[in-house]
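*Asks:*
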Amino acid sequence: MRRLMIVASSALALSACQTVQNSAGTPTTYQDPATLGAVKGVGIESQDIVSMTDQMMRDMLTEPRLANAATAPNVIIDAEYFVNESSSRINRNSITDRLRVSLQRASQGRMNFVGRHYANMVQSERNLKRQGVVDKATTGTAAAQKGGDYRLGGRITSQDARDPRTGMMSRYTQIIFEMADLESGDIVWSGIYEFSKAAADDVIYR
Amino acid sequence: MGKHSAVRLTMSVAAAAMVSACQTTREQETTVKPEVVHSYLADKPAQLHKHYFVTLAQGQRNKVLNDMRLGLANIELGNDAQAEHLLDDALTQIETIYVNNENAAKARELFTKELVKDFKGEPYERAMAYYYRGLLYLKAGDYDNARASFKGGFLQDSFADEAQNQADFGLMPFLQGWASRCRGNTVTAEEDFKEFKAIRPGFPLPGNADNALVLVETGSAPVKYSATDPDSTKPKYLKYRRASATETAMVKFTDQVAGPAPAKGAKAAAPVMKSVDRAVPANLLEDVYYQASTRGGREFDSVLAGKAQFKDAANTVGNVAMTGALVAGALAMNSTNPQTQRDSAAAAGIMLLMAVAAKAAAEAAEPDADIRYWDNLPDRVHALTLPLPPSVTSLSVDLLASDGTLLRTREAKVTRAGPCAIAWARGESAVPANPRAPSSTSGQAMFSPVVIPPLPAPEPAKPAPDAPPPEPKS
Numbered sequence: 005m006r007r008l009m010i011v012a013s014s015a016l017a018l019s020a021c022q023t024v025q026n027s028a029g030t031p032t033t034y035q036d037p038a039t040l041g042a043v044k045g046v047g048i049e050s051q052d053i054v055s056m057t058d059q060m061m062r063d064m065l066t067e068p069r070l071a072n073a074a075t076a077p078n079v080i081i082d083a084e085y086f087v088n089e090s091s092s093r094i095n096r097n098s099i100t101d102r103l104r105v106s107l108q109r110a111s112q113g114r115m116n117f118v119g120r121h122y123a124n125m126v127q128s129e130r131n132l133k134r135q136g137v138v139d140k141a142t143t144g145t146a147a148a149q150k151g152g153d154y155r156l157g158g159r160i161t162s163q164d165a166r167d168p169r170t171g172m173m174s175r176y177t178q179i180i181f182e183m184a185d186l187e188s189g190d191i192v193w194s195g196i197y198e199f200s201k202a203a204a205d206d207v208i209y210r
Numbered sequence: 054m055g056k057h058s059a060v061r062l063t064m065s066v067a068a069a070a071m072v073s074a075c076q077t078t079r080e081q082e083t084t085v086k087p088e089v090v091h092s093y094l095a096d097k098p099a100q101l102h103k104h105y106f107v108t109l110a111q112g113q114r115n116k117v118l119n120d121m122r123l124g125l126a127n128i129e130l131g132n133d134a135q136a137e138h139l140l141d142d143a144l145t146q147i148e149t150i151y152v153n154n155e156n157a158a159k160a161r162e163l164f165t166k167e168l169v170k171d172f173k174g175e176p177y178e179r180a181m182a183y184y185y186r187g188l189l190y191l192k193a194g195d196y197d198n199a200r201a202s203f204k205g206g207f208l209q210d211s212f213a214d215e216a217q218n219q220a221d222f223g224l225m226p227f228l229q230g231w232a233s234r235c236r237g238n239t240v241t242a243e244e245d246f247k248e249f250k251a252i253r254p255g256f257p258l259p260g261n262a263d264n265a266l267v268l269v270e271t272g273s274a275p276v277k278y279s280a281t282d283p284d285s286t287k288p289k290y291l292k293y294r295r296a297s298a299t300e301t302a303m304v305k306f307t308d309q310v311a312g313p314a315p316a317k318g319a320k321a322a323a324p325v326m327k328s329v330d331r332a333v334p335a336n337l338l339e340d341v342y343y344q345a346s347t348r349g350g351r352e353f354d355s356v357l358a359g360k361a362q363f364k365d366a367a368n369t370v371g372n373v374a375m376t377g378a379l380v381a382g383a384l385a386m387n388s389t390n391p392q393t394q395r396d397s398a399a400a401a402g403i404m405l406l407m408a409v410a411a412k413a414a415a416e417a418a419e420p421d422a423d424i425r426y427w428d429n430l431p432d433r434v435h436a437l438t439l440p441l442p443p444s445v446t447s448l449s450v451d452l453l454a455s456d457g458t459l460l461r462t463r464e465a466k467v468t469r470a471g472p473c474a475i476a477w478a479r480g481e482s483a484v485p486a487n488p489r490a491p492s493s494t495s496g497q498a499m500f501s502p503v504v505i506p507p508l509p510a511p512e513p514a515k516p517a518p519d520a521p522p523p524e525p526k527s
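Those protein sequences? They're chains A and B, same order as listed. Letter 118 of the first sequence, counting from 1, is numbered 122 in this note's numbering, and no numbers are missing. Letter 395 of the second sequence, counting from 1, is numbered 448 in this note's numbering, and no numbers are missing.
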């Protein structure tokens, strides 16, 4: 009995020394960007970007003015007019770049894509050609860089809510995409992607 | 006292000693191979090598804390790319939802300290991490992400215990409004400034012509300590004290203004510009100590209260058992009846063991709050907006005591990217004097010098297999 108590008291004492081993680390693994990752929050994550750009691409290809015009329209898709008003920090290019690349591959020539974000690079080469510093290459010269018929605009907004009592936080994120006619200002296509996420941190962080 | 009693006592004392001597391995700094250290430090600023080395040695538990300290220090040193990387890293951790986390679960246990958890900071510290990341976005002219950062910081303040202190971090909506304004988004800017005005009705909003934001940070970070208020109905174990006296800031620069118009009838000529010295006071925009100390009780304080109650109860049991053991021991020694002596001695032994067990349990309970803190934060943030001509590339900032005495003068470089300019100055250096953050490791290690291990000397080159053997010495 006495021994048992001594052992018990020592065990109790030692329990104060419980250690948490330093993690041995996790080897690098490839993850599917279209699925929920290992690190999760309530903001915009890779699976959201993949899912939304796929959906927008499919939807845009069903708009006849964009994807079934007699003459393939010149389209500009970049982040210049894609505004982030949400509480998620994000590189807007990651959305517009994926959308442009996916569209270009899927549209198979039904739309022309103007790289306005490369305008300086193109102008620089044009100048060199015209100054005779370099030759005229093989595809011939153009009077000017291409203008756009349509350009992508959009806005990311969010609505956050927190419950101090339970520590629950939720974020509704809405992303709208609009294709504007660069002559008339008509919005010829629009799409919306929205999601809401909620989570509560461990009580130790509340 | 018999031989067996002495053995028991020795074992008990040993058990108690084990309790007092122990500490969790998570608190300890790990040994890192010199090659790894030097490779890691190769692209880091030399002035911060010891700080970076500590980051490496302290590992994941203090990663966010060290990233935030180093991020801020790098901003002051002008290493914006490093600062962006560090603060992004910290914010990724802060935004990660900890669910079923092993270390968080450990910290809730009775016999484990709160500080074994991964540091994510208290709400005011998290908010300030967003603030500094937002400033870097402003400097880079990325106004969307600047606003998102400030908004993220504002959200961190929404968990205050008392409703009147929830979401009152006025610094954030002001800067949200400024970022929206710089982006040209007037609707959002108006909404942000409206939100700000509800918090700080007296603070002047930017004028129509203002194109520069000046931020001046004064004082030292609020200091955390662990204590409880016995008279309080709500448990509150994490407390703060202010570390700095009140300071104000006066911003000075030389403006270029058009001289007097030429007299009527005189030939039209280019306007003559003349230099005018200006001095504009910066207004107090945020009191970081106030934000830290008005958060109220944390949910986790209830867990600490449970630990503290256990500690008190176990101590009381230990005291009672110890008294009983003494009484029984005295009875055993004073009695002339051998049977009474034996019974009393046995009772004394059992009660002594109970006392030791209870005391050991009390000693092992860990009700102290985690008092690691971001020590290079300021005490207050002052701000002003003004129309600044492109010719002004730096400002002089006088830091004054509350009676107007000049304490020191700092230079604030004006950075322009996009339509807005930003200038940032600190009263006190943002490079922490101690490479280790307060309470970031065990007591003894906190005060040991930080020594970067030297690279091992290269091994002498081995002779080629076909080389002739060395000639014997004569």
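Ideal placement from N, C-alpha and C gives every residue a C-beta, glycine not left out. These numbers were taken from a predicted model, which means no experiment stands behind them.
Pick helix, strand or coil for residue 327 (chain B), following the three-state DSSP scheme.
*Replies:* The residue labelled residue 327 (chain B) in the question sits at position 274 within the second sequence. It is a strand residue.
*Asks:* Take the Cβ of residue 155 (chain A) as the centre, count every other Cβ of all protein chains shown within 10 Å, and call the residue buried at 16 or more, exposed below.
*Replies:* Along the first sequence, one-based indexing puts residue 155 (chain A) at 151. By the 10 Å Cβ count, residue 155 (chain A) comes out buried.
*Asks:* Measuring CB to CB, does residue 501 (chain B) end up less than 8 Å from residue 425 (chain B)?
*Replies:* Translated into positions along the second sequence, residue 501 (chain B) becomes position 448. Translated into positions along the second sequence, residue 425 (chain B) becomes position 372. No, these two residues do not count as a Cβ contact at 8 Å.
*Asks:* Using a Cβ-Cβ distance cut-off of 8 Å, determine whether residue 154 (chain B) contacts chain A.
*Replies:* Residue 154 (chain B) sits at position 101 when you count from the first residue of the second sequence. Yes - at least one Cβ of chain A is within 8 Å of the one on residue 154 (chain B).
*Asks:* I want to see whether chain B comes within less than 8 Å of residue 82 (chain A), judged by CB atoms only; does it?
*Replies:* As a position in the first sequence, residue 82 (chain A) is number 78, starting the count at 1. False, the Cβ-Cβ gap to chain B never drops below 8 Å.
*Asks:* Per DSSP, what are the beta-bridge partners of residue 309 (chain B) in this structure?
*Replies:* Position 256 of the second sequence, counting from 1, holds the residue named residue 309 (chain B). For residue 309 (chain B), which the question treats as bridged, DSSP gives the partners B:328.
*Asks:* Between residue 135 (chain B) and chain A, is any beta-carbon pair separated by less than 8 Å?
*Replies:* Here the question's residue 135 (chain B) lines up with position 82 in the second sequence. It does not; no Cβ of chain A falls within 8 Å.
*Asks:* Which residue spans inside the stretch 203 to 242 of chain B form an unbroken alpha helix (DSSP H) run of at least 4?
*Replies:* DSSP runs (the alpha helix (DSSP H)) wholly in the stretch 203 to 242 of chain B: 224 to 236.
*Asks:* Tell me the residue span of the alpha helix (DSSP H) that contains residue 123 (chain A).
*Replies:* As a working mapping, residue 123 (chain A) is identified with position 119 in the first sequence. Note, residue 123 (chain A): alpha helix (DSSP H), 123 to 134.
*Asks:* Could you list which residues in chain A have their beta carbon closer than 7 Å to that of residue 514 (chain B), in chain order?
*Replies:* The residue you call residue 514 (chain B) lines up with position 461 of the second sequence. The premise fails here: residue 514 (chain B) is roughly 35 Å from chain A at the closest Cβ pair, so nothing lies under 7 Å.
*Asks:* Could you compute how far the alpha carbon of residue 78 (chain A) sits from the alpha carbon of residue 147 (chain B)?
*Replies:* Your numbering for residue 78 (chain A) matches position 74 in the first sequence. Your numbering for residue 147 (chain B) matches position 94 in the second sequence. Going from the Cα of residue 78 (chain A) to the Cα of residue 147 (chain B) covers about 43 Å.
*Asks:* Closest to residue 13 (chain B) by C-alpha separation, out of B:336, B:482, B:129, B:372, would be which residue?
*Replies:* Residue 13 (chain B) falls outside the range modelled here, since chain B spans only 54 to 527, and no answer is possible.
*Asks:* Between residue 208 (chain B) and chain A, is there a C-beta pair that is closer than 8 Å?
*Replies:* The residue given as residue 208 (chain B) occupies position 155 in the second sequence. By this cut-off, residue 208 (chain B) is an interface position.
*Asks:* On the DSSP letters alone, give me the boundaries of the beta strand (DSSP E) that residue 293 (chain B) sits inside.
*Replies:* To locate residue 293 (chain B), count along the second sequence from 1; it is residue 240. 291 to 294 is the extent of the beta strand (DSSP E) around residue 293 (chain B).
*Asks:* Can you find a C-beta in chain A that's less than 8 Å from the C-beta of residue 97 (chain B)?
*Replies:* Against the second sequence, residue 97 (chain B) aligns to sequence position 44. No, no contact with chain A.
*Asks:* DSSP on residue 172 (chain A), reduced to helix/strand/coil?
*Replies:* Your numbering for residue 172 (chain A) matches position 168 in the first sequence. Residue 172 (chain A) falls in the strand class under three-state DSSP.
*Asks:* Kindly indicate which residue of B:264, B:369, B:225, B:507 has the alpha-carbon position closest to the one of residue 246 (chain B).
*Replies:* By 1-based counting over the second sequence, the position of residue 246 (chain B) is 193. If we check each option's Cα against that of residue 246 (chain B), B:225 comes out closest.
*Asks:* Pick out the complete alpha helix (DSSP H) segments inside the stretch 76 to 114 of chain B, 4 residues or longer, and give them in chain order.
*Replies:* Those alpha helix (DSSP H) runs which fall completely within the stretch 76 to 114 of chain B and span 4+ residues are 87 to 94, 102 to 111.
*Asks:* Could you tell me the alpha carbon to alpha carbon distance between residue 140 (chain A) and residue 133 (chain A), rounded to whole angstroms?
*Replies:* Your numbering for residue 140 (chain A) matches position 136 in the first sequence. Your numbering for residue 133 (chain A) matches position 129 in the first sequence. The alpha-carbon atoms of residue 140 (chain A) and residue 133 (chain A) are separated by roughly 6 Å.
*Asks:* May I have the straight-line CA-CA distance separating residue 448 (chain B) from residue 476 (chain B), to the nearest angstrom?
*Replies:* Taking the second sequence and counting its residues from 1, the one referred to as residue 448 (chain B) is at position 395. Taking the second sequence and counting its residues from 1, the one referred to as residue 476 (chain B) is at position 423. Their backbone Cα atoms lie some 8 Å apart in a straight line.
*Asks:* Residue 50 (chain A) to residue 37 (chain A), Cα distance in whole Å?
*Replies:* By 1-based counting over the first sequence, the position of residue 50 (chain A) is 46. By 1-based counting over the first sequence, the position of residue 37 (chain A) is 33. Taking the straight line joining both Cα atoms gives about 5 Å.
*Asks:* Any C-beta of chain B within less than 7 Å: which residues of the stretch 150 to 166 of chain A qualify?
*Replies:* Listed in sequence order: 164, 166.
*Asks:* For the beta strand (DSSP E) holding residue 201 (chain A), just list the boundary residues, first then last.
*Replies:* The count along the first sequence starts at 1 and reaches residue 201 (chain A) at position 197. 191 to 204 is the span of the beta strand (DSSP E), which, as asked, contains residue 201 (chain A).
*Asks:* What is the rounded straight-line gap between the Cα of residue 378 (chain B) and the Cα of residue 494 (chain B)?
*Replies:* For the purposes of this step, residue 378 (chain B) is taken as the residue at position 325 of the second sequence. For the purposes of this step, residue 494 (chain B) is taken as the residue at position 441 of the second sequence. Distance between the alpha carbons of residue 378 (chain B) and residue 494 (chain B): 39 Å.
*Asks:* Cβ of residue 104 (chain B) within 8 Å of Cβ of residue 126 (chain B)?
*Replies:* The residue labelled residue 104 (chain B) in the question sits at position 51 within the second sequence. The residue labelled residue 126 (chain B) in the question sits at position 73 within the second sequence. For residue 104 (chain B) and residue 126 (chain B), yes; Cβs fall inside 8 Å.
*Asks:* Say whether chain D places a C-beta atom closer than 8 Å to the C-beta of residue 238 (chain B).
*Replies:* The question asks about chain D, but that chain is absent: this structure's protein chains are A and B.
*Asks:* Would residue 21 (chain B) and residue 189 (chain B) qualify as a contact pair, given that the criterion is a beta-carbon distance under 8 Å?
*Replies:* Chain B is shown only over 54 to 527; residue 21 (chain B) falls outside these bounds and no answer can be derived.
*Asks:* Taking 8 Å as the CB-CB limit, is residue 150 (chain B) close to chain A?
*Replies:* Along the second sequence, read from residue 1 onward, the residue named residue 150 (chain B) stands at position 97. Yes, contact with chain A.
*Asks:* State the beta-bridge partners of residue 459 (chain B) as determined by DSSP.
*Replies:* Your numbering for residue 459 (chain B) matches position 406 in the second sequence. Beta-bridge pairing links residue 459 (chain B) to B:453.
*Asks:* Could you compute how far the alpha carbon of residue 127 (chain A) sits from the alpha carbon of residue 59 (chain A)?
*Replies:* Reading the first sequence from its first residue, position 123 is the one you call residue 127 (chain A). Reading the first sequence from its first residue, position 55 is the one you call residue 59 (chain A). Those two C-alpha atoms are separated by around 34 Å.
*Asks:* Can you tell which of B:455, B:497, B:422 has its C-alpha closest to the C-alpha of residue 281 (chain B)?
*Replies:* The residue given as residue 281 (chain B) occupies position 228 in the second sequence. Answer by Cα proximity: B:422.
*Asks:* Among A:162, A:64, A:147, which has the Cα closest to the Cα of residue 131 (chain A)?
*Replies:* Reading the first sequence from its first residue, position 127 is the one you call residue 131 (chain A). Comparing Cα-Cα distances from residue 131 (chain A) to each of A:162, A:64, A:147, the minimum goes to A:147.
*Asks:* Any idea which residues DSSP pairs residue 279 (chain B) with across the strands?
*Replies:* Looking up residue 279 (chain B) in the second sequence gives position 226. BP columns for residue 279 (chain B) point to B:291.
*Asks:* For the alpha helix (DSSP H) that residue 345 (chain B) lies in, which residues bound it at each end?
*Replies:* The sequence position of residue 345 (chain B) within the second sequence is 292, counting from 1. Start and end: 341 to 346.
*Asks:* According to DSSP, simplified to helix, strand and coil, what is residue 119 (chain A)?
*Replies:* To locate residue 119 (chain A), count along the first sequence from 1; it is residue 115. The answer is coil: DSSP assigns residue 119 (chain A) none of H, G, I, E or B.
*Asks:* Note down, in chain order, each residue of its chain lying with its Cβ closer than 6 Å to the Cβ of residue 160 (chain A), except the 5 sequence neighbours on either side.
*Replies:* Numbered from its first residue, the first sequence carries residue 160 (chain A) at position 156. Counting only Cβ-Cβ distances below 6 Å, and skipping sequence neighbours, we find 88, 90, 179.
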